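S.K.: Pasting a structure below so you can have a look.
Protein chains: 2
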Amino acid sequence: MTAAEPLAERVLRGEQGAVARVLSQVERRAPGTDAVLAELHRAAGRAHVIGVTGPPGSGKSTLVSAMTAHYRRAGRTVGIIAVDPSSVFTGGAILGDRIRMSELAGDPGVFIRSLATRGALGGLARAALDAVTVLDAAGRDVVVLETVGVGQAEVDVVSGAQSVAVVSVPGLGDGIQAIKAGLLEIADVHVVNKSDREGAHRTVSELREVLRLSRRSAGQWNVPIEQTVADRGEGVPALVGRFDEHLRWMEHHGERERRARQAAATRIRWAAEELVRERLRPGSPLFDAAVDEVAAKRDDPAAAARRLIGQL
Amino acid sequence: MTAAEPLAERVLRGEQGAVARVLSQVERRAPGTDAVLAELHRAAGRAHVIGVTGPPGSGKSTLVSAMTAHYRRAGRTVGIIAVDPSSVFTGGAILGDRIRMSELAGDPGVFIRSLATRGALGGLARAALDAVTVLDAAGRDVVVLETVGVGQAEVDVVSGAQSVAVVSVPGLGDGIQAIKAGLLEIADVHVVNKSDREGAHRTVSELREVLRLSRRSAGQWNVPIEQTVADRGEGVPALVGRFDEHLRWMEHHGERERRARQAAATRIRWAAEELVRERLRPGSPLFDAAVDEVAAKRDDPAAAARRLIGQL
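The following block contains the structure:
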C-alpha cells in the first residue's frame with residue numbers, strides 16, 4: 001500500500017485518500033482521469049445507487065443524513081454525492097456541514113462529496129455519474145446521489161441512479177411541482193417529507209391521484225408514497241425498506257440491466273459530446289483551418305463538421 | 001423556372017415559394033437540407049444581418065416592424081427571423097400578426113418567418129442561423145434576427161448577427177437587466193424603447209454609466225444609446241442610421257471578417273454536435289452494441305465514445 005501503487009487499485013481497496021484524490025480529478029477533468037475511470041468502471045456495478053431529488057427547501061439533505069444513519073446502524077457503508085448546480089456561490093457545502101455536525105461525523109463508513117462547477121451543467125452531470133462509479137468501485141454498499149430537482153439537468157443526473165426518490169413537502173402544491181419539473185416519471189418512490197406539517201394528507205392524496213392518472217401498465221413497479229419527518233428520523237426505516245424492495249423488484253424483472261444500459265448510453269453520449277467540444281475549439285489547428293474555409297465560403301459548416309469528426 | 005429546377009437555384013433567384021420551402025426544411029431538419037444549405041452558404045454573406053434582442057415586454061416586435069417599414073421606404077428588401085424559445089405554446093406568431101396588420105402586409109419586399117421548436121434550444125439556435133443563410137442567399141438586403149433575450153441560448157442566436165441591438169425599456173432596472181442576461185458585451189447598439197415613458201432619462205444614464213464602467217479599449221466601436229418610441233416610429237431613422245454606421249465601421253476595421261469567422265466556428269461546432277447526437281442514439285446498431293459492452297463492464301464509456309466517433 002505505497003503511494004507508487006496505481007491509484008485505481010488503491011480506490012478498489014477502499015482507501016479514503018485515494019478515493020478523495022480521484023474524485024478531485026473527476027471534478028477538474030484532470031488529464032489521465034479517463035484511464036483511472038476505465039479501470040474503476042469495470043469493477044463497479046455492485047452498489048445500490050439511490051437518487052434523491054426534489055425542490056429546494058424540501059429537506060433533502062436532512063433526509064439523506066437520516067437515511068445514512070439508518071444504513072450505518074444496519075452495518076452498510078454509504079457514499080454520498082451531493083450535486084447542487086445552484087450552489088456556485090455557496091460552494092454547496094450545506095450537506096457536508098449537516099453531516100459533520102451529526103452522529104455520523106468521523107465515521108469512516110460514510111464518505112461525502114459535494115460537487116459544484118462553474119462550467120456547463122452537462123459537465124457537472126457527467127462528473128456526478130463518474131463520482132458514483134468511483135464510490136461504487138471503492139466498495140460502498142449504498143451510493144446516494146442528491147440533487148436539487150429543478151430541470152432537465154437534474155433529471156440527467158439522477159438517470160444514473162437505480163432507485164429514485166422524489167421529495168415533496170406539504171404546502172407547495174407539490175404534486176403539481178413534481179409534474180412541472182418533469183420528475184413524476186422518474187420517481188420510483190415518492191417521499192412527502194416534513195409530514196408533521198399541516199397539509200401533509202392533502203399532499204399525499206394529490207400525489208396518489210397524479211400516480212393514478214399516470215396509469216402505469218401491469219407488471220410495472222408500483223410507486224409507493226412514503227411519509228417522513230427527516231429531522232426526527234420518522235418514516236426513514238420504512239423508506240429504506242422501500243429502496244431494498246425496489247432493488248429486489250428490479251433484480252427479478254430485468255430492470256437493473258435495463259437501467260445499466262440506459263446509464264451506459266447516457267455516459268457514452270456525454271463522453272462523445274465532450275470529445276467533440278474539446279477538439280473543435282479555437283486554437284486547434286484543424287479547427288481553425290476549417291473555420292477559415294467556411295468563413296471564406298469555400299466550404300459549408302456541415303461538410304466541415306463531418307470532415308473534422310472524421311479526423312478525430 | 002420550373003418545379004424541377006434545383007431548389008437552391010430558385011432560392012438564389014429570390015423566389016418566395018422556394019424560400020418558404022427551404023425554411024420549412026431547415027426548421028424540421030429534413031433529410032437533404034444540408035445539401036441545399038451548402039449551396040446557399042457559398043452564395044450568402046452579402047446581407048446586413050441585424051440581431052434584435054431584449055427582455056419580454058421591451059417592444060422588440062414593434063421595433064422590428066418600424067425598422068422594416070423604414071428600410072422599405074429606402075428601397076431595401078428585408079427578411080425577418082423571429083425566434084422565441086418560450087413560444088412553444090403560443091406558436092410564436094405574434095410578430096407575424098403585427099406585420100400582417102400593418103402597412104407592410106402583402107409587401108413582397110418583406111419576408112417573415114417565426115421559428116419555435118419543441119426540441120432542444122441548441123437546435124433552435126442552429127435553425128435560426130441556417131434561416132439567416134437562406135434569406136441572405138435569397139438576396140435580402142437586410143436580415144433581422146429577433147430573439148427574446150433571457151439567457152445563453154439567445155446570446156448564441158444573435159452571435160450569428162453582424163450588428164446587435166439590445167432593447168431596454170424604462171422602469172425595469174434595465175441597465176442591470178442587460179448585465180444580468182449577459183447581453184451587455186454583445187450590444188453594438190443600445191436601444192431604450194418606449195422612451196416617452198417616465199424614467200427614460202434614468203435608463204439612458206444608467207446604461208451610459210454601465211458602458212463607461214465596461215471600459216472598451218481605444219479603437220473599438222463606440223456603443224451608442226438610441227432612444228425610440230417604436231409604435232410611433234420615433235427615433236427609428238436614427239437607429240437605422242446607426243446600423244449603417246456600424247456596418248461601415250466593421251468593414252473598415254476587419255470586424256466583418258472577424259464576426260464571419262466567429263459565426264463559422266459556432267456553426268461548425270453545432271453541426272458536429274448534432275452529427276454526434278444523431279449517430280449516438282438507441283436503434284443505431286453500432287451504438288447499441290457499444291452500450292451492451294459498457295453495461296456489461298467489458299468496455300468503459302470514454303473508450304466507447306472514442307471508438308464510435310472514429311466510426312462516424
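Protein chains in written order, with UniProt numbering: chain H, 1 to 312; chain Z, 1 to 312.
Each residue gets a CB set at the ideal place from its N, CA and C atoms; glycine is no exception.
Please read all numbers here as calculations on a predicted model, not as lab measurements.
(1) Would you mind stating whether R72(H) and V64(H) have Cβ atoms separated by less than 8 Å?
(2) The beta strand (DSSP E) that contains residue 317(H), what's its start and end?
(3) If we define contact as Cβ-Cβ less than 8 Å, is D188(H) a contact residue for chain Z?
(4) Tell me whether Q25(Z) is buried or exposed, calling it buried when 16 or more other Cβ atoms sit within 10 Å of its Cβ.
(5) Comparing the C-beta of I309(Z) with each C-beta of chain H, is any distance below 8 Å?
(6) Find the residues of chain Z that neighbour R42(H), judging by a C-beta separation of less than 9 Å, and give them in chain order.
(7) Pair every Cβ in the stretch 259-276 of chain H with every Cβ in the stretch 232-245 of chain Z, then say whether three or more of these pairs are closer than 8 Å.
(8) Can you pull the chain H residues whose beta carbon is under 7 Å from the beta carbon of G79(Z), in chain order?
(9) Check whether chain Z comes within 8 Å of V291(H), counting only Cβ atoms and requiring the distance to be less than that.
(10) By Cβ distance, which residues of its chain are closer than 7 Å to V22(Z), with the 5 residues on each side in sequence left out?
(11) For R306(H), which residues in chain Z fall below 7 Å Cβ to Cβ?
(12) On the DSSP letters alone, give me the boundaries of the beta strand (DSSP E) that S163(Z) sits inside.
(13) Any beta carbon of chain Z sitting closer than 8 Å to that of P170(H)?
(14) Quick one: is G91(Z) buried, meaning 16 or more other Cβ sit within 10 Å of its Cβ, or exposed?
(15) Between G123(Z) and chain H, is there a C-beta pair that is closer than 8 Å?
(16) Determine the direct distance from the alpha carbon of W270(Z) to that of V191(Z), and round the result to whole angstroms.
(17) Hey, out of R277(Z), L211(Z), D188(Z), whose CA is closest to W249(Z)'s CA?
(18) State the CB to CB distance for the pair F111(H) and S163(H), rounded to an integer number of angstroms; the pair is presumed to be in contact (CB under 8 Å).
(19) Take D299(H) and list the residues in its own chain whose beta-carbon comes closer than 6 Å to its own, dropping the five residues that flank it on each side.
(20) To the nearest whole angstrom, what separates the beta carbons of V132(H) and L145(H), a pair I think is in contact under 8 Å?
(21) Taking the continuous beta strand (DSSP E) assigned at I225(H), which residues delimit it?
(22) According to DSSP, is R113(H) helix, strand or coil?
(23) For D196(H), which residues of its own chain have a beta-carbon under 6 Å away from its beta-carbon, when the five flanking residues on both sides are left out?
(24) Using 8 Å for Cβ pairs, my map puts D139(Z) next to G54(Z). What's the rounded Cβ distance?
(25) Leaving out the 5 sequence neighbours to the left and right, which residues in its chain are closer than 6 Å to G233(Z) when beta-carbon positions are compared?
(26) What does the Cβ neighbour count give for A218(H), buried or exposed, with the cut at 16 atoms within 10 Å?
(27) Pull up the distance between the alpha-carbon of I186(H) and that of R259(H), whole angstroms please.
(28) Please compile the residues from chain H whose C-beta is within a distance smaller than 8 Å of the C-beta of G45(Z).
(29) Taking the beta carbon of D288(H) as the centre, do at least 16 other beta carbons fall within 10 Å, making it buried, or is it exposed?
(30) If you drop the 5 nearest sequence neighbours on each side, which residues of the same chain put their C-beta closer than 8 Å to that of P108(Z)?
(31) Can you give the Cα-Cα distance for V19(H) and G123(Z), rounded to whole angstroms?
(32) For a test of the three-state rule: what should DSSP assign to E209(H), helix, strand or coil?
(33) Counting only the same chain and skipping the five closest in sequence on each side, list residues whose C-beta sits under 6 Å from that of R169(H).
(34) Cα separation between G199(Z) and V148(Z)?
(35) Does any residue of chain Z have a CB that is nearer than 8 Å to the CB of R267(H)?
M.R.: Reading off the structure:
(1) Indexing the first sequence from 1 puts residue 72(H) at position 72. Indexing the first sequence from 1 puts residue 64(H) at position 64. Against a cut-off of 8 Å, the Cβ pair of V64(H) and R72(H) comes out as no contact.
(2) For residue 317(H) there is no data in the structure shown, the boundaries of chain H being 1 and 312.
(3) Locating residue 188(H) in the first sequence gives position 188, where the first residue counts as 1. Taking Cβ atoms only, chain Z never reaches closer than 8 Å to D188(H), which makes this a no.
(4) For this step, residue 25(Z) is matched to residue 25 along the second sequence. A buried status is given to Q25(Z), since no fewer than 16 other beta-carbon atoms sit within 10 Å of its beta-carbon.
(5) Here residue 309(Z) refers to the residue found at position 309 when the second sequence is read from its first residue. Yes, because at least one Cβ of chain H sits closer than 8 Å to the Cβ of I309(Z).
(6) For this step, residue 42(H) is matched to residue 42 along the first sequence. Correct list: K297, R298, D299, D300.
(7) no
(8) The residue given as residue 79(Z) occupies position 79 in the second sequence. Per Cβ cutoff of 7 Å: no residues; G79(Z) is ~19 Å from chain H at best.
(9) Mapped onto the first sequence, residue 291(H) falls at position 291. So yes, V291(H) belongs to the interface.
(10) Here residue 22(Z) refers to the residue found at position 22 when the second sequence is read from its first residue. Cβ neighbours of V22(Z) beyond the five flanking positions: L7, V11, V36, V134.
(11) As a working mapping, residue 306(H) is identified with position 306 in the first sequence. The contacting residues are L275.
(12) Here residue 163(Z) refers to the residue found at position 163 when the second sequence is read from its first residue. Note, S163(Z): beta strand (DSSP E), 163-168.
(13) Against the first sequence, residue 170(H) aligns to sequence position 170. No, because no Cβ of chain Z sits closer than 8 Å to the Cβ of P170(H).
(14) Counting from 1 along the second sequence, the entry for residue 91(Z) is found at position 91. A caution first: G91(Z) carries a pLDDT of 38, below 50, which makes its placement in the model unreliable, though a value can still be read off. That one is exposed.
(15) Translated into the one-based positions of the second sequence, residue 123(Z) becomes position 123. No, G123(Z) lies away from the interface with chain H (no Cβ there is under 8 Å from its Cβ).
(16) Here residue 191(Z) is taken as the residue at index 191 of the second sequence, counted from 1. Here residue 270(Z) is taken as the residue at index 270 of the second sequence, counted from 1. So the alpha carbons of these two residues sit roughly 30 Å apart.
(17) Looking up residue 249(Z) in the second sequence gives position 249. Of the candidates R277(Z), L211(Z), D188(Z), the one whose C-alpha sits nearest the C-alpha of W249(Z) is D188(Z).
(18) Position 111 of the first sequence, counting from 1, holds the residue named residue 111(H). Position 163 of the first sequence, counting from 1, holds the residue named residue 163(H). Not really, about 19 Å apart at Cβ, beyond 8 Å.
(19) Your numbering for residue 299(H) matches position 299 in the first sequence. Cβ neighbours of D299(H) beyond the five flanking positions: E293.
(20) Here residue 132(H) corresponds to residue number 132 of the first sequence, with the count starting at 1. Here residue 145(H) corresponds to residue number 145 of the first sequence, with the count starting at 1. 6 Å between Cβ atoms; contact.
(21) Counted from its first residue, the first sequence places residue 225(H) at position 225. It spans 225-227 - the beta strand (DSSP E) in which I225(H) sits, taken as one unbroken run.
(22) As a first step, residue 113(H) must be located in the first sequence, where it is residue number 113. R113(H): strand per DSSP, three-state reduction.
(23) Sequence index remark: in the first sequence, residue 196(H) carries index 196 (1-based). Contacts found: V229.
(24) Within the second sequence, the letter at position 139 stands for residue 139(Z). Within the second sequence, the letter at position 54 stands for residue 54(Z). What sits at residue 139(Z) in the sequence shown is Gly, not Asp. Cβ-Cβ separation between G139(Z) and G54(Z): approximately 28 Å, too far for a contact (criterion under 8 Å).
(25) Position 233 of the second sequence holds residue 233(Z). Cβ within range, chain order: A66.
(26) For this step, residue 218(H) is matched to residue 218 along the first sequence. By the 10 Å Cβ count, A218(H) comes out exposed.
(27) Here the question's residue 186(H) lines up with position 186 in the first sequence. Here the question's residue 259(H) lines up with position 259 in the first sequence. Near 12 Å, if we compare the C-alpha coordinates of R259(H) and I186(H).
(28) By one-based count along the second sequence, residue 45(Z) stands at place 45. What G45(Z) touches in chain H: K297.
(29) As a position in the first sequence, residue 288(H) is number 288, starting the count at 1. Burial call: exposed.
(30) Here residue 108(Z) refers to the residue found at position 108 when the second sequence is read from its first residue. Contacts found: Q16.
(31) Mapped onto the first sequence, residue 19(H) falls at position 19. Mapped onto the second sequence, residue 123(Z) falls at position 123. Cα to Cα, the separation comes out at about 39 Å.
(32) Taking the first residue of the first sequence as 1, we reach residue 209(H) at position 209. In the structure shown, E209(H) sits in a helix (DSSP, three-state: H, G or I).
(33) The residue labelled residue 169(H) in the question sits at position 169 within the first sequence. The sequence as given places Val at residue 169(H); Arg does not occur at that position. So the list reads S58, N193, K194, once near-sequence residues are dropped.
(34) What you label residue 199(Z) is simply residue 199 of the second sequence in a count that begins at 1. What you label residue 148(Z) is simply residue 148 of the second sequence in a count that begins at 1. Inter-residue distance for G199(Z) and V148(Z) is about 23 Å (C-alpha atoms, whole angstroms).
(35) By one-based count along the first sequence, residue 267(H) stands at place 267. With 8 Å as the cut-off, R267(H) counts as an interface residue toward chain Z.
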